[in-house]
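Below: one structure, written as structure tokens.
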Amino acid sequence: MDFDLTPQERAFKDEVTAWLKANKPDFGDGDENSNRQWVDERRAWQRSMFEAGYIGLNWPKEYGGKGATLMEQLLFSQALIETGAPSPINVLALGMLGPTLIAQGNEEQKQRYLPRMLDADEIWCQGFSEPNAGSDLSALRTRAERKNEHYVVNGQKVWTTLAHVSKYCMLLTREFPAENPRDGLTYLIVDMESPGVEVRPLVQITGDPEFNELFFTDVKVPVENVVGEPGKGWAGAMTTLLHERGTLGMALATRAQITAAELAEHARKIGRGSDPLVRQRIAQYTIEARALQLNG
Numbered sequence: 025m026d027f028d029l030t031p032q033e034r035a036f037k038d039e040v041t042a043w044l045k046a047n048k049p050d051f052g053d054g055d056e057n058s059n060r061q062w063v064d065e066r067r068a069w070q071r072s073m074f075e076a077g078y079i080g081l082n083w084p085k086e087y088g089g090k091g092a093t094l095m096e097q098l099l100f101s102q103a104l105i106e107t108g109a110p111s112p113i114n115v116l117a118l119g120m121l122g123p124t125l126i127a128q129g130n131e132e133q134k135q136r137y138l139p140r141m142l143d144a145d146e147i148w149c150q151g152f153s154e155p156n157a158g159s160d161l162s163a164l165r166t167r168a169e170r171k172n173e174h175y176v177v178n179g180q181k182v183w184t185t186l187a188h189v190s191k192y193c194m195l196l197t198r199e200f201p202a203e204n205p206r207d208g209l210t211y212l213i214v215d216m217e218s219p220g221v222e223v224r225p226l227v228q229i230t231g232d233p234e235f236n237e238l239f240f241t242d243v244k245v246p247v248e249n250v251v252g253e254p255g256k257g258w259a260g261a262m263t264t265l266l267h268e269r270g271t272l273g274m275a276l277a278t279r280a281q282i283t284a285a286e287l288a289e290h291a292r293k294i295g296r297g298s299d300p301l302v303r304q305r306i307a308q309y310t311i312e313a314r315a316l317q318l319n320g
């Protein structure tokens, strides 16, 4: 089996790498901060990448994407990490929530939301985890009650990345009681500026908020904001998590390979490069990192 890049793929990777090195801003990826400068800088950086044609590479053209291959998207993501360029601010929308809408949203939702994800005009967050529903997502308690043409949402989410700067949240709720806890869930698009939405940043020891608590008190959500079918939100949630695992796995694999190379260089610098045990450990780490990438 041939794992090498094709000439076209190699040319694309070289093109992207050169562009990133020439255009990446001085700031890097760091803890999310709530100040306006942080948001504006990273929004401008994503727009710069979008205008250059590198955001939404494998998204359909009709929704603002480039219609490129998944491999090109992966190569761009790798180049971001390898060059040390900052990630797009709307990383959750690009890697997880947008692909979920492409797969399960209706045409009106796709036309309305996807283009604004790409240019960072509207930032998104993901409302899944709760104080008593983390590893067991189906145990969530946030309720969505249908009342005429709206849902009324009440509940709490926690560990919500970017909620403090987001315009929308893709929120998993319980609409119907069910014997199987994975049934009866409804996936909603919630405007974060709706009355009754409260965001409480969880401030880290650095003083920066990366995660947030979300509180929903009688929040009205239009019925047209249901993603997929009412009561069948588990399928949408699994689509989101599948893309999360793929995105995270690729990033981890790339970073692991970079770390392996750095370890080898450090071993040489301190005179341990010829130590059989050190060489064996670094070789094993390199093999595992490469296997993670190939299986990601």
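Okay, so the sequence shown: first residue is 25 according to the numbering used here, each after it adds one. From the three backbone atoms N, C-alpha and C, an ideal C-beta is built for every residue, glycine too.
| Asked | Found |
| --- | --- |
| When you measure from the CB of residue 69 to every non-hydrogen atom of the ligand GDP, does any distance come out below 7 Å? | Only the bare structure without any ligand can be found here, which leaves the ligand GDP out of the picture. |
| Check the DSSP bridge columns for residue 177 and list the partner residues they point to. | 168 and 243 |
| Taking its Cβ as the centre, do 16 or more other Cβ atoms sit within 10 Å of residue 15, making it buried, or is it exposed? | Here the chain has residues from 25 to 320 only, and residue 15 is not among them. |
| Around the C-beta of residue 32, are 16 or more other C-beta atoms found within 10 angstroms, so that it is buried, or is it exposed? | exposed |
| Please confirm whether residue 316 and residue 280 have their CB atoms less than 8 Å apart. | yes |
| Using DSSP bridges, identify the partner residues of residue 115. | None; residue 115 has no bridge partner. |
| Let me check one thing: in DSSP terms, what residues is residue 215 bridge-paired to? | 192 |
| How should residue 249 be labelled, buried or exposed, when 16 other C-beta atoms within 10 angstroms of its C-beta is the threshold for buried? | buried |
| Going by DSSP, what residue range makes up the alpha helix (DSSP H) through residue 318? | 300–319 |
| So, residue 92 versus residue 43, is the Cβ gap smaller than 8 Å? | no |
| Looking at the unbroken alpha helix (DSSP H) that takes in residue 66, where does it start and where does it end? | 60–75 |
| Less than 8 Å between the CB atoms is what I'm expecting for residue 257 and residue 196, so what's the real figure, rounded? | 6 Å |
| Just to confirm, is the Cβ distance from residue 95 to residue 118 under 8 Å? | no |
| Apart from the five residues just before and just after residue 269, which ones in its own chain have a Cβ nearer than 7 Å to its Cβ? | none |
| Between 232, 219, 151 and 275, which lies nearest to residue 245 when the distance is taken from Cα to Cα? | 219 |
| DSSP three-state call for residue 51: helix, strand or coil? | coil |
| Please report the residue range of the beta strand (DSSP E) in which residue 224 lies. | 221–227 |
| What is the DSSP secondary structure of residue 210, reduced to helix, strand or coil? | strand |
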